[in-house]
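Novice: Numbering (our numbering), first residue to last: 46 to 767.
(1) Runs of 3 residues minimum, wholly inside the segment 244-288: which ones carry the beta strand (DSSP E) assignment?
(2) Determine the closest residue to residue 702 out of 684, 722 and 717, with distance taken between C-alpha atoms.
(3) Where residue 270 and residue 707 are concerned, what is the direct C-alpha to C-alpha distance, given to the nearest angstrom?
(4) Could you have a look at residue 107 and say whether DSSP puts it in helix, strand or coil?
(5) What runs of the alpha helix (DSSP H), each 4 residues or longer, lie entirely inside the segment 691-729?
(6) Taking the continuous alpha helix (DSSP H) assigned at residue 428, which residues delimit it?
(7) Is the beta carbon of residue 496 closer than 9 Å to that of residue 472?
(8) Could you tell me if residue 244 is buried or exposed, where buried requires 16 or more neighbouring beta carbons within 10 angstroms of its beta carbon?
(9) From residue 768 to residue 218, what does the alpha carbon distance come to, in whole angstroms?
(10) Would a C-beta distance cut-off of 9 Å place residue 525 and residue 557 closer than the cut-off?
(11) Can you say whether residue 352 is buried or exposed, counting buried as having 16 or more other CB atoms within 10 angstroms of its CB?
(12) Name, in chain order, the residues that DSSP records as bridge partners for residue 637.
(13) Please classify residue 81 as buried or exposed, where buried requires at least 16 neighbouring CB atoms within 10 angstroms.
(14) Measure the alpha-carbon distance for residue 136 versus residue 199 and round it to whole angstroms.
(15) Bridge partners for residue 631 per DSSP, in chain order?
(16) On the premise that residue 579 lies in contact with residue 231, defined as a C-beta separation below 8 Å, what is that separation, rounded to the nearest angstrom?
(17) Buried or exposed for residue 248, please, with buried defined as at least 16 other CB atoms from any protein chain shown within 10 angstroms of its CB.
(18) Below 8 Å on the Cβ atoms is my contact criterion, and I expect residue 393 with residue 290 to pass it. Report the Cβ-Cβ distance as a whole number of Å.
(19) Determine the contact status of residue 537 and residue 375, defining contact as a CB-CB distance below 9 Å.
(20) Quick check on residue 755: buried or exposed, where buried means 16 or more other Cβ atoms within 10 Å of its Cβ?
(21) Between the alpha carbons of residue 667 and residue 108, how many angstroms are there, rounded?
(22) Please check the pair residue 71 and residue 268, which I expect to be a contact at CB under 8 Å, by giving their CB distance rounded to whole angstroms.
(23) With a threshold of 8 Å on Cβ separation, who are the neighbours of residue 327 within its own chain once the five nearest residues in sequence on each side are excluded?
(24) Please check the pair residue 458 and residue 358, which I expect to be a contact at CB under 8 Å, by giving their CB distance rounded to whole angstroms.
(25) I need the boundaries of the beta strand (DSSP E) containing residue 554, first residue and last residue.
(26) Would you call the segment 639-647 and the segment 684-703 in contact, with 3 or more CB pairs under 8 Å?
(27) Tell me where the beta strand (DSSP E) around residue 69 begins and ends.
(28) On the DSSP letters alone, give me the boundaries of the alpha helix (DSSP H) that residue 58 sits inside.
(29) CA-CA distance, residue 151 and residue 605?
(30) Name the DSSP bridge partner or partners of residue 179?
(31) So what's residue 407 in DSSP terms, helix, strand or just coil?
(32) Please classify residue 576: does DSSP put it in a helix, a strand, or coil?
(33) Given this structure, state the Cα-to-Cα distance separating residue 214 from residue 281, to the nearest angstrom.
(34) Considering Cα atoms alone, identify which of 652, 646, 622 and 700 is closest to residue 677.
(35) Could you tell me whether the Cβ atoms of residue 316 and residue 333 are closer together than 9 Å?
(36) With a threshold of 16 other CB atoms inside 10 Å of the CB of residue 542, please say whether the residue is buried or exposed.
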């Protein structure tokens with residue numbers, strides 16, 4: 046433990062062991078009960094979420110059981126509002142509990158065949174929604190095979206709904222949202238269900254934790270511990286560098302035993318929580334749900350004895366050995382290191398089973414066809430034979446966590462990731478307890494962050510050891526997160542996943558200009574490679590905790606943008622609307638009375654010549670020009686266009702922008718212009734987006750949605766096109 050050199054417990058055990066002043070858990074990750082399709086169960090899960098979160102645990106919730114929107118109910122509303130209502134509830138709860146220094150983390154998951162899947166994957170188009178949760182889709186092999194075959198897929202929720210759609214249409218929408226918003230993450234569900242724990246109904250996976258490295262059963266939890274791989278490299282950054290396998294094996298076995306001890310320490314901590322609940326002055330019926338929840342969590346922890354042992358500093362370890370992260374040698378080395386980790390940890394667990402007994406329910410007959418365990422048999426038949434005779438102490442043992450905070454303590458790269466950048470800006474969220482901190486950044490949710498520059502610590506070590514000052518000669522140069530080919534990233538994760546019985550948390554960093562077609566290739570390759578999950582982050586697609594210090598502001602306009610040209614008629618008046626596109630999304634608008642552009646003009650490009658001087662070149666045979674564009678606009682039209690562009694450049698939701706334009710009514714002239722502008726922008730709103738604050742004039746429903754730009758009631762035939 047000394048100086049975080051070899052074995053590093055995760056945050057919860059480090060915070061909780063020996064701390065008798067707070068009633069907290071030692072587990073990092075939990076899954077709540079999947080809410081059943083009734084209000085009581087939905088509220089019960091909400092109670093679990095807040096009660097676990099206030100004890101420092103992150104939670105996962107599967108929404109698979111909740112009925113889709115517009116299905117009939119027998120209560121006062123007559124129809125269901127669908128899963129988005131409950132997504133908002135759980136997101137709000139986690140934000141509420143994660144204040145004043147408390148911790149809060151949540152993952153919401155949904156199976157791909159749920160009829161509300163489009164609402165689920167599209168909801169974060171509005172960056173102000175579901176700000177308290179990560180979203181992931183459970184993808185089945187059935188769905189992915191139908192995508193490849195370009196066939197229909199059934200959205201189903203018996204007995205209410207069965208609807209056929211083109212699998213490829215849904216897949217493309219998932220791809221677009223991941224490209225645009227870095228969510229949803231993907232869970233390859235059939236791959237996840239191949240772990241050893243899923244041989245048992247008692248431990249069968251229902252969901253994942255917020256960082257997706259731990260598939261867990263209902264009200265199960267896991268404690269985490271990391272091995273600092275870099276410390277096993279002797280003579281680092283020299284030609285004599287080598288990996289000390291013997292010491293690594295010794296420490297793996299110690300760490301696995303420590304993790305098993307941690308299960309018992311967790312039991313003691315939960316016992317203290319239960320005693321506090323018993324002594325609390327509230328009535329017993331109020332305390333009962335929390336008491337029963339912790340009793341179930343304690344039972345599951347003691348019976349399965351699940352552990353989460355894994356490495357950190359993989360990226361720096363490769364660099365210290367003189368291996369480029371993006372090389373074939375890196376894939377081979379990681380495969381060898383993870384093989385040692387797997388065999389040594391399982392040997393330790395089998396040793397403990399022989400001494401202390403196996404986990405509750407262990408049955409070799411149920412495990413005989415498990416592919417993960419059969420891989421152990423193929424490389425170490427003696428260990429497999431012993432495990433079949435005496436069992437193992439822990440139902441599942443290994444993972445690779447993101448280890449973000451751990452990497453700060455160890456001063457190394459995190460988890461299995463490559464070094465993010467040799468220099469970057471890190472953001473630390475400011476809670477009420479540290480409001481004296483300088484606020485450097487406020488995100489769109491209103492959360493405040495402190496920023497500080499980070500130089501990768503091991504770069505300084507490399508300079509000290511080698512005497513070299515030119516960082517272009519360092520083993521990390523051109524091998525940081527965005528530099529590495531995505532295929533290599535997946536090959537590295539896949540080589541490790543073969544040896545990990547849980548999952549691996551890893552994010553594939555992509556350049557800003559990567560296409561959606563390339564993202565499709567990444568996901569298909571990940572599935573075929575046997576990954577259990579994959580998350581991408583395209584540079585600049587959303588606010589991050591780690592930021593490129595050289596990155597220019599998102600508000601700086603590129604010199605040239607492609608544009609769509611719309612011709613709109615309102616009350617007999619003709620308008621042109623130019624919509625400049627940045628990364629295929631509306632970025633700016635120029636609009637005015639027409640008379641300058643032929644109606645055959647549909648596309649073009651807008652070029653910034655100098656400040657406040659923009660030129661349009663139409664995509665036609667003559668290359669028709671309009672320069673400066675503002676000469677064709679009145680002062681009021683220019684003002685409204687400029688304000689609208691400001692909203693779009695700051696990432697405002699298009700639905701919000703259109704709503705604001707539709708409310709303008711200063712004069713008949715201005716109203717006519719803003720209606721024309723809003724009609725053009727409506728074309729960029731995805732079908733199915735709800736219109737907030739409006740009631741259907743025919744049936745009174747608040748389920749008014751956009752469809753082809755028009756307003757339509759989901760409960761009756763009413764529709765209106767402005």
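Where a beta carbon is used, it is the ideal one built from N, C-alpha and C, also for glycine.
Specialist: Short version:
(1) Runs found: 266-273.
(2) Along the chain shown, read from residue 1 onward, the residue named residue 702 stands at position 657. Cα-wise, what sits closest to residue 702 is 722.
(3) Translated into positions along the chain shown, residue 270 becomes position 225. Translated into positions along the chain shown, residue 707 becomes position 662. Approximately 55 Å between the Cα atoms of the pair.
(4) Residue numbering aside, residue 107 sits at position 62 when the chain shown is read from its first letter. Secondary structure of residue 107 (DSSP, three-state): strand.
(5) Listed in chain order, the complete alpha helix (DSSP H) runs (minimum 4 residues) inside the segment 691-729 are 699-707 and 713-727.
(6) Taking the first residue of the chain shown as 1, we reach residue 428 at position 383. Looking at the DSSP string, the run of the alpha helix (DSSP H) that includes residue 428 is 426-435.
(7) Position 427 of the chain shown holds residue 472. Position 451 of the chain shown holds residue 496. Yes; because the gap between Cβ atoms is below 9 Å, this pair is in contact.
(8) Counting from one through the chain shown, the residue named residue 244 turns up at place 199. Classification for residue 244: buried.
(9) Since the displayed the chain opens at 46 and closes at 767, residue 768 lies outside it and no answer follows.
(10) Indexing the chain shown from 1 puts residue 525 at position 480. Indexing the chain shown from 1 puts residue 557 at position 512. Not closer than 9 Å, so no.
(11) Your numbering for residue 352 matches position 307 in the chain shown. Per the 10 Å Cβ criterion, buried.
(12) Counted from its first residue, the chain shown places residue 637 at position 592. The partner list for residue 637 (beta bridge, DSSP) reads 621.
(13) Within the chain shown, numbered from 1, the residue matching residue 81 stands at position 36. Under a 10 Å Cβ-count criterion, residue 81 is classified as exposed, with fewer than 16 other Cβ atoms of the shown protein chains found around its own Cβ.
(14) The residue labelled residue 136 in the question sits at position 91 within the chain shown. The residue labelled residue 199 in the question sits at position 154 within the chain shown. If I take the Cα positions, the gap works out to 29 Å.
(15) Here residue 631 is taken as the residue at index 586 of the chain shown, counted from 1. DSSP lists 626 as partners of residue 631.
(16) Translated into positions along the chain shown, residue 231 becomes position 186. Translated into positions along the chain shown, residue 579 becomes position 534. Contact between residue 231 and residue 579 holds, with the beta-carbon distance rounding to 5 Å and staying under 8 Å.
(17) By one-based count along the chain shown, residue 248 stands at place 203. Result: buried.
(18) Residue mapping note: residue 393 aligns to position 348 of the chain shown, counting from 1. Residue mapping note: residue 290 aligns to position 245 of the chain shown, counting from 1. Contact between residue 393 and residue 290 does not hold, since the beta-carbon distance rounds to 16 Å and is not under 8 Å.
(19) Within the chain shown, numbered from 1, the residue matching residue 537 stands at position 492. Within the chain shown, numbered from 1, the residue matching residue 375 stands at position 330. Residue 537 places its beta carbon less than 9 Å from that of residue 375.
(20) For the purposes of this step, residue 755 is taken as the residue at position 710 of the chain shown. Exposed, because fewer than 16 other Cβ atoms sit within 10 Å of the Cβ of residue 755.
(21) Here residue 667 refers to the residue found at position 622 of the chain shown. Here residue 108 refers to the residue found at position 63 of the chain shown. If you take the alpha carbons of residue 667 and residue 108, they lie about 56 Å apart.
(22) In the chain shown, the residue the question calls residue 71 occupies position 26. In the chain shown, the residue the question calls residue 268 occupies position 223. With a Cβ gap of about 6 Å, residue 71 and residue 268 count as contacting.
(23) As a working note, residue 327 is residue 282 in the chain shown. Within the same chain, residue 327 has no close Cβ partners at all.
(24) Taking the first residue of the chain shown as 1, we reach residue 458 at position 413. Taking the first residue of the chain shown as 1, we reach residue 358 at position 313. So it is a contact: roughly 6 Å between Cβ atoms.
(25) Here residue 554 is taken as the residue at index 509 of the chain shown, counted from 1. Here the beta strand (DSSP E) through residue 554 covers 552-555.
(26) These segments do not touch.
(27) Taking the first residue of the chain shown as position 1, residue 69 is located at position 24. Where residue 69 is concerned, there is no enclosing beta strand (DSSP E), given that its DSSP letter is neither H nor E.
(28) Reading the chain shown from its first residue, position 13 is the one you call residue 58. Going by DSSP, residue 58 is part of the alpha helix (DSSP H) stretching over 56-61.
(29) Within the chain shown, numbered from 1, the residue matching residue 151 stands at position 106. Within the chain shown, numbered from 1, the residue matching residue 605 stands at position 560. In this structure, the straight-line span from the alpha carbon of residue 151 to that of residue 605 is close to 40 Å.
(30) As a first step, residue 179 is located in the chain shown; it is residue number 134 there, counting from the start. Bridge partners of residue 179: 152.
(31) For the purposes of this step, residue 407 is identified with residue 362 of the chain shown, where counting begins at 1. Assigned with DSSP and collapsed to three states, residue 407 falls in coil, not helix or strand.
(32) Position 531 of the chain shown holds residue 576. In the displayed model, residue 576 falls within coil according to three-state DSSP, outside both helix and strand.
(33) If you number the chain shown from 1, residue 214 lands on position 169. If you number the chain shown from 1, residue 281 lands on position 236. Roughly 50 Å separates the two Cα atoms.
(34) Position 632 of the chain shown, counting from 1, holds the residue named residue 677. Nearest to residue 677 by C-alpha distance, out of 652, 646, 622 and 700, is 622.
(35) By 1-based counting over the chain shown, the position of residue 316 is 271. By 1-based counting over the chain shown, the position of residue 333 is 288. Between residue 316 and residue 333, the C-beta gap is not smaller than 9 Å, which leaves the two residues out of contact.
(36) Position 497 of the chain shown holds residue 542. Answer is buried; the Cβ neighbour count reaches 16.
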